[in-house]
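A.B. asks: Residue numbers (our numbering), protein chains in the order written: chain A, 19 to 291; chain B, 42 to 488; chain C, 3 to 317. Beta carbons are placed, not taken as given, at the ideal position from N, Cα and C, and that holds for glycine. This one's a predicted model, so the numbers in the text were calculated from it and none came from an experiment.
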Amino acid sequence: MRIPRREQTTNVLILLTLMMFTLVPLLGVLSTALQPADRVPTGFDAPWPLHWENFSEAWRIANVLPLMWSSTVIVLAVVPTAIVLATLAGFGLAQPRVPGGRFLSMLFIAGLTIPAEALISPLYYQMQSFGLLNNRLAIILPLIGLYMPFGVFWMRTHFAATPVELIEAARLDGASPARIFWSVQLPLARSALSALMILFFLWTWNQFLLALVLVNDPLKRTVAGALGAFQGQYSTNIVLLCAGSLLIIAPSLLIFFVFQRQFIGALLQGSDR
Amino acid sequence: MDRFIAGIPRRSALTGLGAVAAALVLAACSAPGGSASAAATSGPVSTDVGSGKITLSILVDTPGVAGTEKLGALFTQKYPNVTIKVSGDEFTNLISNASRTLSSGTVPDITRTSLGVLVKDNLLQPLDGYAKLYGWDRWPASQFASSRSNAKGSERGTGSLYAVGNGYGLTGVYYNKKILKKIGASVPATLADFEKSMAKAKSAGYAGIVTNGKDGGVAYPLQNLAIDYGGVAAISDWTNGKAGASVKTPAMIKAAQTIQDWSDAGYLVSGVNSLDTTSAPAEFAKGKSLFYTSGNWQAPSLQKSMGSDVGFMLFPAQSASQPQYAMSASESLVIPAKAEHKDAAAAFLNFIQTDSRARQITVDDFGLAPGGAAGAETPDAVGVVKDTLTAFAAAVKKDAVVDFLGNSTTSMSLTLIPQTQLLVTGKTTPAAFAAKLQSEYANQTGQ
Amino acid sequence: MAITDAVPSRAGQSGPDERSGIRRYPSRRGRANWAALLWVLPALIAYGTFELYPLVQTIRFSFYDWDGVGPATWAGLDNYAGVFTNSEQFASIEHAFILIIFFSVLPVALGLVAASIIREARAGVLGTLGRVVLFIPQVLPLAAAGIIWTWIYAKDGLINGFLTAIGLGKLATDWLANFSTALPAVGLIGCWVSLGFCTVLLLSGISKIDPTLYEAVRLDGAGRYQEFRAVTLPGLRREIVVAASVTVIAALSSFDVIYVATNGGPGYQTIVPGLEIYHLTFTSQQVGAGSALAVLLTLLILVVILPLQRLARES
Chain A
19 MRIPRREQTT NVLILLTLMM FTLVPLLGVL STALQPADRV PTGFDAPWPL
69 HWENFSEAWR IANVLPLMWS STVIVLAVVP TAIVLATLAG FGLAQPRVPG
119 GRFLSMLFIA GLTIPAEALI SPLYYQMQSF GLLNNRLAII LPLIGLYMPF
169 GVFWMRTHFA ATPVELIEAA RLDGASPARI FWSVQLPLAR SALSALMILF
219 FLWTWNQFLL ALVLVNDPLK RTVAGALGAF QGQYSTNIVL LCAGSLLIIA
269 PSLLIFFVFQ RQFIGALLQG SDR
Chain B
42 MDRFIAGIPR RSALTGLGAV AAALVLAACS APGGSASAAA TSGPVSTDVG
92 SGKITLSILV DTPGVAGTEK LGALFTQKYP NVTIKVSGDE FTNLISNASR
142 TLSSGTVPDI TRTSLGVLVK DNLLQPLDGY AKLYGWDRWP ASQFASSRSN
192 AKGSERGTGS LYAVGNGYGL TGVYYNKKIL KKIGASVPAT LADFEKSMAK
242 AKSAGYAGIV TNGKDGGVAY PLQNLAIDYG GVAAISDWTN GKAGASVKTP
292 AMIKAAQTIQ DWSDAGYLVS GVNSLDTTSA PAEFAKGKSL FYTSGNWQAP
342 SLQKSMGSDV GFMLFPAQSA SQPQYAMSAS ESLVIPAKAE HKDAAAAFLN
392 FIQTDSRARQ ITVDDFGLAP GGAAGAETPD AVGVVKDTLT AFAAAVKKDA
442 VVDFLGNSTT SMSLTLIPQT QLLVTGKTTP AAFAAKLQSE YANQTGQ
Chain C
3 MAITDAVPSR AGQSGPDERS GIRRYPSRRG RANWAALLWV LPALIAYGTF
53 ELYPLVQTIR FSFYDWDGVG PATWAGLDNY AGVFTNSEQF ASIEHAFILI
103 IFFSVLPVAL GLVAASIIRE ARAGVLGTLG RVVLFIPQVL PLAAAGIIWT
153 WIYAKDGLIN GFLTAIGLGK LATDWLANFS TALPAVGLIG CWVSLGFCTV
203 LLLSGISKID PTLYEAVRLD GAGRYQEFRA VTLPGLRREI VVAASVTVIA
253 ALSSFDVIYV ATNGGPGYQT IVPGLEIYHL TFTSQQVGAG SALAVLLTLL
303 ILVVILPLQR LARES
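Printed below as a string of structure tokens:
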């Protein structure tokens, strides 16, 4: 490494500063969560004694367990379905000589720019007309649809970049497109698929607005909705709110740390095949 | 690269746009929305909750779930065939989802909400029949004023009764007894005394008044001042949404000016716009402020944090002979027009207003004042909580309660809150303030 | 929502089709491949039913005066005119543009710095730790991020506590309730959320840059800045545009963070289109007006994104 010492030191300092910027808010929330529950925290107090019971209290009040279950159900319904649909479509659009292929691709990509707020009202009435309003399908079905733009784009780009030689070889062997898909393309798509799965999981688990509006029963929404439980009409219990927030983000963080290599690795996989 | 629009060959792009346009034309053919459902009539009413097993579903705001479950348990003791199932949602969701929830397939039997467009769209059951049956119409009328509405939903305070509450909020002023003593003042009996006390407090190094500017607390003293200066009728008409009502009046402008004067004189606690309903009482409990304009819902926690140092009074009038007014609104519980068990629901509503143990729960768990008949027993309470109950009873007896400025239309608070924040920081003038409120009112009431 | 985390990167281009990433088969030779459309059909149905049809409906609603439940009355272009005459609705659009600086420009710039540094420390612990830690905010629900920062910005919160501790207590204020600091404060939350995403995305691009280029440039005596300008920046053109596009969409359509942190206040300082649409549609029950603003927001996003995409194409 020909990087001069001084530059290395400044590099480290800059990176550490950015990391502190990221971590300190979370640590602040942790310290607040450990304060006595009936206090309105004034200032940056180091909590002592540590009130770990706040977490169980927040757990109870925010119905964390049923909501996590609800989020899990929604994730299990949305993510595999969306991946299958997006992969099939991405493969289809990456084929040669698809009539209207370019138009369809543009149509999907255009969806990336549509903000969720533009769809909230009609989605509500649509779910109402399907009779699904008190059903988790009211959030599951729209999410699948809303993930199509990104999913199709992602998979199509991946399939289109597969080396031509491999495809040609399989074709010369007489393989049908379906066969090529199953035996050649799919194994190669592992990293693209994992990245997509991870992103879809995060987006679904953290979904807030759609769940709020489309599902009447608060217990059938997602975990992000639990945060509202601490904000009453007249006051917010800050300590429990902080404890609750940490509880809610804990599973995502846990999964993230365990699989961080795959998480980030998959997103970095741009160039790896 | 003109052949391409965003990388797509022009022909395809135009075809695409054409398709979208065609779809638009097709979809634009008919107006959205259903036809208005028929108005729910009062229909046959009965106090009979039947003998078969019924489950009453009640939807309230999350913090109210525990208290409502207790009320439900008491009710089930009396009517064992009725099970009460309580669910909760965040308060703001309850209000904004109300019209959709009540017009959907699964409708709760009772829900907490504000009237909004619900009356206009015939989603609520009028309660007049039950009021007559249970004798609510013989109770002091002013407690029900904010829950009455005309059939069009455009004006409240008159017309059919649509909601009742187990308890009522009441605004007033908390005062720090220790500071009052220190500055050698007594509980102010007039507005002038009130202002003098604040001046004395300020020179002794205390803040004159605390209020939660972040979520609209400034509107309370503002409304009280406007009533003091110009009488209650104009304000009452406006908060009820009456046609032709206006707040662009000398009284309101003077009230806004007074608030600004207080701000300029340094009576308002510093950073008033950063305090919300959670941090404001905490700030007051620190013991460095003389007054805190708020409502009876803060009494239980202030009792805990300040004990005997805190008292509660109604906002003073200009002279001791004029009545002291307060804003009040019920924790309005409604029976949806599509509810399944209306009679049982009405029985529950009657129970929670009249049963003495239920009324005690209203005070202890909800921190609110129960309404009811003129001679109804006041639940047990101590300290400042007791003060609020006494004040409520007195105010209701004199019919000296009005609805909140923020309730005049469904979204008035979206204007009121930012405008009061601008007012206390001197970023708008009293005249512009009043004009803005009035123009929003005109817009939203379609005048 | 989902759009904020989209990573439309060009996976693995290094061949002759680098420009568009689409294999260009001559479209006039050979039979049209109709069978391929069958593969696309399920996704198209889902997308059409739950995204395109609702969008058309929103456009339809925008021409009516409707409270969402009862009958609707035709309003023509009134709702659209209302956006330009109503000072709050118009201000919301201005604020959205200001947020672009914080949600997009800042994290992309800091992300470039972080990515360059991590590249140099690539195999080291610091590098791995860096990209893991910086990514954490992406894992949280935006609403949680908003709540966390609300407390940090509070009058008695972390930032003021810190300022007082280092003797700068005079600067302490309620950042989210102060008229001049509210919007930038909210913007900083967006920066915090997006920094890790930009870093990781840019890292993915950097890893494709030929390392020998760096060696060559260093051998020529270039320092850190020249190296950055000559090698890193040009090589990252596409990724920068992607990061910018995604974060700009997040800035223009922001809702969760603002709803939770300030709800538009103080005064109207932090009103953004996403929030205004929510207020109009759900609080004021003016579905038509909310829909018109939503349509305008979509058009606005298109207008801003298309030129950005252009930048990626010029190679």
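Can you tell me which of C/V127, C/V289, C/T175 and C/T300 puts its alpha carbon nearest to the alpha carbon of C/S64?
C.D. replies: What you label residue 64 of chain C is simply residue 62 of the third sequence in a count that begins at 1. When each option's Cα is compared against that of C/S64, the closest is C/V289.
A.B. asks: Just mark B/W180 as buried or exposed, buried being the case when its beta carbon has 16 or more other beta carbons within 10 Å.
C.D. replies: Locating residue 180 of chain B in the second sequence gives position 139, where the first residue counts as 1. Classification for B/W180: buried.
A.B. asks: Any contact of the stretch 258 to 265 of chain A with the stretch 70 to 84 of chain A, i.e. 3+ C-beta pairs under 8 Å?
C.D. replies: In short, these stretches touch, since the Cβ pair count reaches three.
A.B. asks: At what residues does the beta strand (DSSP E) containing B/Y209 begin and finish?
C.D. replies: Sequence index remark: in the second sequence, residue 209 of chain B carries index 168 (1-based). Its beta strand (DSSP E) spans residues Y209 to N217.
A.B. asks: Look at B/I220 and B/L309 and say whether their C-beta atoms are less than 8 Å apart.
C.D. replies: Here residue 220 of chain B refers to the residue found at position 179 when the second sequence is read from its first residue. Here residue 309 of chain B refers to the residue found at position 268 when the second sequence is read from its first residue. No, these two residues do not count as a Cβ contact at 8 Å.
A.B. asks: Quickly, what does DSSP pair B/V123 with across the bridge? List them, please.
C.D. replies: Taking the first residue of the second sequence as 1, we reach residue 123 of chain B at position 82. Paired residues: B/I95.
A.B. asks: Output yes or no for whether 8 Å exceeds the beta carbon distance between B/V127 and B/T109.
C.D. replies: Against the second sequence, residue 127 of chain B aligns to sequence position 86. Against the second sequence, residue 109 of chain B aligns to sequence position 68. Cβ atoms of B/V127 and B/T109: closer than 8 Å.
A.B. asks: Report the residue ranges of all alpha helix (DSSP H) runs contained in full by the stretch 227 to 262 of chain B; include only those spanning at least 4 residues, in chain order.
C.D. replies: 232 to 244
A.B. asks: Bridge partners of B/R141, per DSSP?
C.D. replies: Here residue 141 of chain B refers to the residue found at position 100 of the second sequence. Paired residues: none, contrary to the question.
A.B. asks: Measure the alpha-carbon distance for A/L103 versus B/R398 and round it to whole angstroms.
C.D. replies: The sequence position of residue 103 of chain A within the first sequence is 85, counting from 1. The sequence position of residue 398 of chain B within the second sequence is 357, counting from 1. Taking the straight line joining both Cα atoms gives about 59 Å.
A.B. asks: Could you pull out every unbroken beta strand (DSSP E) segment of at least 3 residues lying fully inside the stretch 250 to 288 of chain C, listed in chain order?
C.D. replies: none
A.B. asks: The alpha helix (DSSP H) that contains C/V110, what's its start and end?
C.D. replies: Within the third sequence, residue 110 of chain C is the residue found at index 108, counting from 1. C/V110 -> alpha helix (DSSP H) spans L108 to E122.
A.B. asks: Of all the options C/K172, C/G225, C/H281 and C/L131, which has the alpha carbon lying nearest to the alpha carbon of A/R24?
C.D. replies: Here residue 24 of chain A is taken as the residue at index 6 of the first sequence, counted from 1. The residue with the shortest Cα to Cα distance from A/R24 is C/G225.
A.B. asks: Whole angstroms is fine: what's the gap from B/F116's alpha carbon to B/F392's?
C.D. replies: Within the second sequence, numbered from 1, the residue matching residue 116 of chain B stands at position 75. Within the second sequence, numbered from 1, the residue matching residue 392 of chain B stands at position 351. About 7 Å.
A.B. asks: My output table needs one value for B/T466: the three-state DSSP class, helix, strand or coil.
C.D. replies: Start at 1 with the first residue of the second sequence, and residue 466 of chain B comes out as number 425. Correct three-state label for B/T466: coil.
A.B. asks: Could you pull out every unbroken alpha helix (DSSP H) segment of at least 4 residues lying fully inside the stretch 348 to 435 of chain B, listed in chain order?
C.D. replies: DSSP runs (the alpha helix (DSSP H)) wholly in the stretch 348 to 435 of chain B: 383 to 395 and 397 to 407.
A.B. asks: Is there at least one Cβ from chain C nearer than 8 Å to B/P459's Cβ?
C.D. replies: Here the question's residue 459 of chain B lines up with position 418 in the second sequence. At least one chain C Cβ lies under 8 Å of B/P459.
A.B. asks: Which residues does DSSP pair with C/D80 in a beta bridge?
C.D. replies: For the purposes of this step, residue 80 of chain C is taken as residue 78 along the third sequence, with counting starting at 1. Answer by DSSP bridge pairing: none, since C/D80 is not bridged.
A.B. asks: Checking the sheet assignment: what are the DSSP bridge partners for B/L100?
C.D. replies: On the second sequence, residue 100 of chain B is found 59 positions in, with the first residue counted as 1. Note: B/L100 sits in a beta bridge opposite B/S128 and B/T152.
A.B. asks: Going by C-alpha to C-alpha distance, which of A/T90, A/P133 and A/A107 sits closest to A/L122?
C.D. replies: Counting from 1 along the first sequence, the entry for residue 122 of chain A is found at position 104. Residue A/A107 is the option with its Cα nearest to A/L122.
A.B. asks: Between the stretch 239 to 261 of chain C and chain B, which residues of the former have CB atoms less than 9 Å from a CB of the latter, in chain order?
C.D. replies: none
A.B. asks: Taking the beta strand (DSSP E) that B/F332 falls in, what are its first and last residues?
C.D. replies: Taking the first residue of the second sequence as position 1, residue 332 of chain B is located at position 291. That run of the beta strand (DSSP E) goes S330 to G336.
A.B. asks: So does the stretch 216 to 236 of chain A actually touch the stretch 157 to 175 of chain A, counting three or more Cβ pairs closer than 8 Å?
C.D. replies: yes
A.B. asks: Reducing DSSP to helix, strand and coil, say where C/Y66 ends up.
C.D. replies: Locating residue 66 of chain C in the third sequence gives position 64, where the first residue counts as 1. In this structure, C/Y66 counts as strand in the three-state DSSP scheme.
A.B. asks: Just curious, the alpha helix (DSSP H) that C/I191 is in, first and last residue?
C.D. replies: Translated into positions along the third sequence, residue 191 of chain C becomes position 189. Where C/I191 is concerned, the enclosing alpha helix (DSSP H) stretches over A184 to I208.
A.B. asks: Assign C/L221 to buried or exposed, taking buried as 16 or more other Cβ atoms, counted over all protein chains shown, within 10 Å of its Cβ.
C.D. replies: By one-based count along the third sequence, residue 221 of chain C stands at place 219. C/L221 comes out exposed.
A.B. asks: Under the assumption that B/G271 contacts B/P291 (Cβ atoms under 8 Å), give the Cβ distance between them as a whole number of angstroms.
C.D. replies: Here the question's residue 271 of chain B lines up with position 230 in the second sequence. Here the question's residue 291 of chain B lines up with position 250 in the second sequence. Contact flag correct, Cβ pair sits at about 7 Å.
A.B. asks: Mind listing which residues of the stretch 389 to 406 of chain B have their C-beta closer than 7 Å to chain A's C-betas, in chain order?
C.D. replies: none
A.B. asks: Between the stretch 144 to 169 of chain A and chain B, which residues of the former have CB atoms less than 7 Å from a CB of the latter, in chain order?
C.D. replies: Q146, G149, L151 and N152
A.B. asks: For a quick check, are the C-beta atoms of B/F235 and B/P357 less than 8 Å apart?
C.D. replies: As a first step, residue 235 of chain B must be located in the second sequence, where it is residue number 194. As a first step, residue 357 of chain B must be located in the second sequence, where it is residue number 316. In contact: B/F235 and B/P357 (Cβ atoms closer than 8 Å).
A.B. asks: Residues bridged to B/L309 by DSSP?
C.D. replies: Residue numbering aside, residue 309 of chain B sits at position 268 when the second sequence is read from its first letter. In DSSP, B/L309 forms a bridge with B/I250.
A.B. asks: With burial defined as no fewer than 16 other Cβ atoms inside 10 Å of the residue's Cβ, what is the status of B/P85: buried or exposed?
C.D. replies: The sequence position of residue 85 of chain B within the second sequence is 44, counting from 1. Looking at its Cβ environment, which holds fewer than 16 other Cβ atoms inside 10 Å, B/P85 is exposed.
A.B. asks: Under a CB-based cut-off of 8 Å, is B/G146 close to chain A?
C.D. replies: Along the second sequence, read from residue 1 onward, the residue named residue 146 of chain B stands at position 105. So, interface residue.
A.B. asks: Candidates B/G200, B/S346, B/T429 and B/A476: which alpha carbon is nearest B/K327's?
C.D. replies: Working through the second sequence from its first residue, we reach residue 327 of chain B at position 286. Considering only alpha carbons, the answer is B/S346.
A.B. asks: Which residues in chain B sit within 7 Å of A/L44, going by Cβ to Cβ distance?
C.D. replies: Position 26 of the first sequence holds residue 44 of chain A. In chain order: nothing, as chain B lies at least about 22 Å away.
A.B. asks: Since C/Y82 and C/A294 are thought to touch, with beta carbons under 8 Å apart, how far apart are those beta carbons, to the nearest angstrom?
C.D. replies: Here the question's residue 82 of chain C lines up with position 80 in the third sequence. Here the question's residue 294 of chain C lines up with position 292 in the third sequence. About 5 Å separates the CB atoms of C/Y82 and C/A294; that is less than 8 Å, so the two are in contact.
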